[in-house]
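Just so you know, this note's numbering puts 594 at position 552 of the sequence shown, and the rest follows in order with no gaps.
Even glycine gets a Cβ: it sits at the ideal position worked out from N, Cα and C.
It should be emphasised that the depicted structure is a prediction, and the values quoted were computed from it without experimental measurement.
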Amino acid sequence: MGKIDLMIDRESDSGPERMGLLDLMIERDRRDEPKKKERSPTTRSSSSRQEDNDHETDMYKDYDLYLAAKNGDLNDFKRILDRVSAAASADILSRLSPTGNTFLHVAARYGNEDIVTFITAMKPSLVLAKNINGETVLHLTAKAGDESMVRALVLIHHDLLQVLQPLPQNAEDENNLLMAKDKRGNTALHDALLSGRNSIAEYLIQEDPELSYHRNNKRQSALYLAAKAGFVDCVSSILQLCTDEERLNELFKKKSPIKAAIKMKHRDVLEAIFNMNPRFIELRDSKGRTPLHLVASLGYLEEARYLLKKYTLNATRKDKNGMLPIHLASHEGHVDIIGLLLQDFPDPGELLGRDGSNILHVAAKSGKYNVFSFVLKNPDLECLINMKDKSGNTPLHWATRHWHPKIVNTMTWIKTVDIKAVNNNRMTALDVAVHYMSYNPQFRERLTWATLKAAGVPRYFTCNKVEGRNKSFNMGNYKDRVNTLLLMATLVATVTFAAGFTMPGGYISSESNTDLGMATMLRHKVFHLFVFCDAIAMYSSIIVAAALIWAQLGDLTLVLNALTIAVPLLGISLSMMSMAFTAGVFIVVSRLRWLSNAILAIGISFVAILMFIFFLPLCTPLTSRSWILRYLSYYPFCLLILVTNSSS
């Protein structure tokens, strides 16, 4: 006998008779009691137990009954049930589908209210039966949006609770249909909100406001889900009916409904929350952040205006990390939010974090170049450029420390930036770059260091020598580079050497001709270009190969010097080889003007791309302090920043 049935029997023995649904329930339980005692588990064989289990878990054994529950014909369902019950000794209504659904689940899912009422009258304990997902029949109907069915089930639930009223509180909660949770921790109210069933959610809230305090496995409360879905009525009802301030505050701290409303841009929900209790606008989450912090980090301009209008002082509230809302906006690069927050504060130098950082310090750390552009275009913010935080670091120091070459490059071109500024450790930006750079630096690190060197940023060697790290030089890092370049140089030399003896157009082979063995295109001007380019490519590649052979000796100085020579020359040899190919093809198709012109255009275009995008940046003296060379290398440097795919 089930737990609920025993409770009902005890209530019927001790109290007056109940009519209707409860009468049917009690009489059926009393009638089944002797049968269940006779079939004691201790006297049944294992085969009979297995047979009963098969009956219990095989709803489709009586497929006609399943179809009747699905189609909603009550008379048909009763007729088939009587026929099946007469032929089987097991409880037919307790049979389950493969997913653990009962006939009550099936009838409710298809909106057959008459059959639901009949089944609950025959076996009320099925109201709390769960499928393999832990879902009761109320979960399914709430998700399906069948409001009339939900109301009918809630009324049945209330009738059941009247019988269970004398039970202890914990036992009553276990048998509370509205409080039942599935395996995800969702109540029927959670499922209604997750499925967008506004009216059902509102009804369940009114029926039992206590539901609003319950959270699922994701720590989501009904208030949070209602705010996320934009259900203003549900939010208002919860705030009106839930009077326990301490528990309500917990809901705002864990999964804040204000955060949900802000992220989904539900302004009406925000207004409902703040109109109900204006103090909610000052509530902080577990990180100490106000709603304005969240809006600033997300970049929602209209929501920021609304919150500032409600309570301007939130702009000066710091979170647990000492960050203001304007710092979060700077970290995410939301310059429109920064501009809005600065409107109410004439002195931007006062908006500092706990560590003394301003918005430029934060932008330098996160690499938000658009924030730098915004500050540089605003003369009122010029005071932020060279401002130091509590550790003495300027924005240039932090941009260097986090390897943002575009920001560093931009700042070194601005005359108002103090490139010689030192922090509390007497380190310049170049000192910082050298101190934190590894012996196998990333390309961003190289670019950052190069632009500081070219800008003439000084170093203080004696101050940094003590703090320097002991790093071992790994020759293997350069060995692969040397071998790769050597292979390329060898291939170029081989190809160009072969091209020198397979001239376009061939050779004069007539013995009567005095120019026997000469190239047939010898007098063609483009042929001269072919010969020059091919010769330059071959000899350049041979020099590269010779230089890289010296690099194989393992001496660091030789390796670095060899690479300095090899990279530019290899670029020249590849470019000359490409031009030689273009010239050769042009010669042999020169009789067809449109085709020769097309070959020429394609060749020139791709050689230009090869030179100016791939090799010119690598060969440019980026670290030269000469102003002429620095101006010449500006655009190649920008191309290298583009190659690093760095937005900073």
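query, result
"Starting from residue 345, trace the alpha helix (DSSP H) in both directions and tell me its first and last residue.", "343-352"
"So, is residue 289 buried or exposed, given that buried needs 16 or more other C-beta atoms within 10 angstroms?", "exposed"
"For residue 301, is the classification buried or exposed, using 16 other Cβ atoms within 10 angstroms of its Cβ as the cut-off for buried?", "buried"
"Straight-line CA distance for residue 139 to residue 294?", "40 Å"
"Given a threshold of 16 other Cβ atoms within 10 Å of its Cβ, counted over all protein chains shown, does residue 480 qualify as buried or as exposed?", "exposed"
"Measure the C-alpha to C-alpha separation of residue 678 and residue 265 and round it to an integer number of angstroms.", "56 Å"
"Note down the Cα distance separating residue 558 from residue 644, rounded to an integer number of angstroms.", "34 Å"
"With DSSP as the reference, label residue 283 as helix, strand or coil.", "helix"
"State the start and end residues of the unbroken alpha helix (DSSP H) segment that holds residue 407.", "401-408"
"Select from 142, 341 and 458 the residue whose C-alpha is nearest the C-alpha of residue 383.", "341"
"In chain order, what residues of the same chain have a beta carbon less than 7 Å from the beta carbon of residue 316, not counting five sequence neighbours either side?", "322, 323 and 352"
"Taking all protein chains shown into account, do 16 or more other C-beta atoms lie within 10 angstroms of the C-beta of residue 599, making it buried, or fewer, making it exposed?", "exposed"
"Can you give me the Cβ contacts of residue 379 inside the same chain, cut-off strictly under 7 Å, excluding the 5 residues immediately before and after it?", "338, 341, 343, 346 and 371"
"Which residue's Cα is closest to the Cα of residue 385: 373, 423 and 573?", "423"
"Helix, strand or coil for residue 14, going by three-state DSSP, please let me know.", "Outside the shown range of the chain, which is 43 to 690, sits residue 14, and nothing can be said about it."
"Mapping DSSP to helix, strand and coil, what is residue 263?", "strand"
"Which residues in the same chain have their Cβ closer than 7 Å to the Cβ of residue 562, if we skip the five residues on either side of it in sequence?", "547, 548, 549 and 550"
"Roughly how many whole angstroms lie between the Cα atoms of residue 412 and residue 252?", "49 Å"
"With a Cβ-Cβ cutoff of 8 Å, do residue 258 and residue 238 count as a contact?", "no"
"Applying the criterion that 16 or more other CB atoms from any shown protein chain within 10 Å of the CB defines a buried residue, is residue 636 buried or exposed?", "exposed"
"Taking 8 Å as the cut-off, decide whether the C-beta atoms of residue 463 and residue 436 are in contact.", "yes"
"Please list, in chain order, all residues of the same chain as residue 211 whose beta carbon is under 8 Å from its beta carbon, the five residues on each side excluded.", "Confidence is the limiting factor: at residue 211 the pLDDT is only 49, short of 50, which leaves the residue's position unreliable and the question unanswerable from this model."
"Determine, using beta carbons only, whether residue 299 and residue 274 come nearer to each other than 8 Å.", "no"
"Hey, residue 400 and residue 409: beta-carbon distance below 8 Å or not?", "no"
"Exposed or buried, what is residue 141 when buried is set at 16 or more other beta-carbons lying within 10 Å of its beta-carbon?", "exposed"
"Which whole runs of the alpha helix (DSSP H) in the segment 609-665 are 4 residues long or more, in chain order?", "635-651 and 658-661"
"Starting from residue 449 and walking both ways along the alpha helix (DSSP H), at which residues does that stretch end?", "447-454"
"Tell me the residue span of the alpha helix (DSSP H) that contains residue 412.", "411-418"
"Could you round the C-beta distance between residue 101 and residue 145 to whole angstroms and report it? I think they count as a contact, below 8 Å.", "7 Å"
"Consult DSSP for residue 561 and reduce its assignment to one of helix, strand or coil.", "strand"
"Do you know whose CA, among 296, 286 and 280, lies nearest residue 262's CA?", "296"
"Residue 309 to residue 325, Cα distance in whole Å?", "17 Å"
"Which same chain residues, not among the five before or five after residue 171, have their C-beta less than 6 Å away from its C-beta?", "144"
"Who are the near neighbours of residue 445 in its chain, counting only those whose CB is closer than 6 Å to its CB and skipping five residues on each side?", "486, 487 and 490"
"Tell me which residue opens and which closes the alpha helix (DSSP H) that residue 381 is part of.", "377-385"
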